[in-house]
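Below is one structure; the comments refer to it alone.
Chains as they are written, first to last, in this note's numbering: chain X, 85 to 195; chain Y, 27 to 142.
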């Protein structure tokens with residue numbers, strides 16, 4: 085099946101530092117989604133990327149889809165304590181009926 | 027609250043017992059997913075419904091697991107003869123088929139199952 089590699093597994097940053105998590109797939113993707121899960125919470129949708137090389141921004145968050153549509157990244161500028169949580173990428177199967185989630189990157193922000 | 031709801035939120039059961047969980051998706055959403063999540067891992071796909079039809083089921087899913095969505099609205103997930111390895115958070119998500127191949131999934135709060 086599809087392998088969703090996400091790195092790093094954990095990241096501790098001082099408040100105000102930047103943070104990046106990477107997602108790599110073994111297959112070419114039709115699209116990729118990103119989710120955030122706060123401690124004790126459930127995943128919340130952040131964004132979906134569809135086009136090759138696409139870059140989307142949401143305030144301090146920048147999402148990128150690779151040119152080959154096999155990798156993606158999420159970059160947070162000047163982290164805040166509200167950014168704490170685990171960030172997951174999710175890839176659809178060939179049928180689009182299944183979603184494979186990465187293992188996630190757990191972000192800790194030290195005030 | 028018009029989000030996805032799940033019931034119960036917590037379930038403690040003894041090994042060998044059957045359990046059933048319910049998910050009420052957002053009303054206009056025709057797609058419904060069940061996932062399982064263990065500590066430190068991402069959600070693991072279990073099964074997918076489009077309206078009342080179960081279109082996909084994980085190959086990893088044991089025959090002890092069954093899911094239904096009888097009228098294309100709420101769904102139930104049943105686990106028969108529970109084992110300690112079934113202990114996990116069971117998440118339900120719904121989405122509405124959009125113009126793109128996939129659209130955002132809205133997750134419920136989950137049912138935490140503990141098998142003693």
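From the three backbone atoms N, C-alpha and C, an ideal C-beta is built for every residue, glycine too.
Query raised in the report: When the cut-off is 9 Å and only beta carbons count, does residue 186/X lie next to chain Y?
Result: For the purposes of this step, residue 186/X is identified with residue 102 of the first chain, where counting begins at 1. Judged by the 9 Å Cβ criterion, residue 186/X is in contact with chain Y.
Query raised in the report: Listing by chain order, which chain X residues have their CB less than 9 Å from the CB of residue 82/Y?
Result: In the second chain, residue 82/Y corresponds to position 56, counting from 1. Within 9 Å Cβ-Cβ: 177, 179, 181 and 182.
Report task. Find the nearest neighbour of residue 122/X within the set 45/Y, 135/Y, 52/Y and 96/Y, judged by alpha-carbon distance. Result -> Indexing the first chain from 1 puts residue 122/X at position 38. The shortest C-alpha separation from residue 122/X is found at 135/Y.
Requested in this report: Within its chain, find whatever has a CB closer than 6 Å to the CB of residue 145/X; leave out the 5 residues flanking it on each side and keep chain order.
Outcome: To locate residue 145/X, count along the first chain from 1; it is residue 61. Here the set comprises 160.
Query raised in the report: How about residue 170/X and residue 96/X: are their beta carbons less than 9 Å apart?
Result: As a working mapping, residue 170/X is identified with position 86 in the first chain. As a working mapping, residue 96/X is identified with position 12 in the first chain. The answer is no: Cβ separation not under 9 Å.
Query raised in the report: Could you check where the beta strand (DSSP E) with residue 193/X kicks off and where it finishes?
Result: By one-based count along the first chain, residue 193/X stands at place 109. Residue 193/X -> beta strand (DSSP E) spans 189-194.
Query raised in the report: Under a Cβ-count criterion, where at least 16 other Cβ atoms within 10 Å of its own Cβ denotes burial, should residue 194/X be classed as buried or exposed?
Result: As a first step, residue 194/X is located in the first chain; it is residue number 110 there, counting from the start. Flag for residue 194/X reads exposed.
Query raised in the report: According to DSSP, is residue 158/Y helix, strand or coil?
Result: It is not possible to answer for residue 158/Y, since the shown part of chain Y is limited to 27 through 142.
Requested in this report: Determine the chain X residues that contact residue 136/Y at a beta-carbon separation under 7 Å, and present them in chain order.
Outcome: Taking the first residue of the second chain as 1, we reach residue 136/Y at position 110. What residue 136/Y touches in chain X: 126.
Query raised in the report: Comparing the C-beta of residue 152/X with each C-beta of chain Y, is any distance below 9 Å?
Result: Against the first chain, residue 152/X aligns to sequence position 68. Interface flag for residue 152/X against chain Y is unset, since no Cβ pair is found closer than 9 Å.
Query raised in the report: So which of 112/X, 101/X, 102/X and 179/X has the shortest CA-CA distance to residue 156/X?
Result: Position 72 of the first chain, counting from 1, holds the residue named residue 156/X. The alpha carbon of residue 156/X has as its nearest neighbour, out of 112/X, 101/X, 102/X and 179/X, the alpha carbon of 112/X.
Query raised in the report: Would a C-beta distance cut-off of 9 Å place residue 59/Y and residue 120/Y closer than the cut-off?
Result: By one-based count along the second chain, residue 59/Y stands at place 33. By one-based count along the second chain, residue 120/Y stands at place 94. Cβ distance < 9 Å, so residue 59/Y and residue 120/Y count as in contact.
Query raised in the report: How should residue 93/Y be labelled, buried or exposed, when 16 other C-beta atoms within 10 angstroms of its C-beta is the threshold for buried?
Result: Mapped onto the second chain, residue 93/Y falls at position 67. Classification for residue 93/Y: buried.
**Report entry** Between the CA atoms of residue 96/Y and residue 80/Y - distance to the nearest angstrom
**Finding:** Taking the second chain and counting its residues from 1, one reaches residue 80/Y at position 54. Taking the second chain and counting its residues from 1, one reaches residue 96/Y at position 70. In this structure, the straight-line span from the alpha carbon of residue 80/Y to that of residue 96/Y is close to 10 Å.
Query - Cβ-based neighbour list, residue 134/X, same chain, cut-off 7 Å, excluding 5 preceding and 5 following - result: If you number the first chain from 1, residue 134/X lands on position 50. Answer for residue 134/X: 115, listed in chain order.
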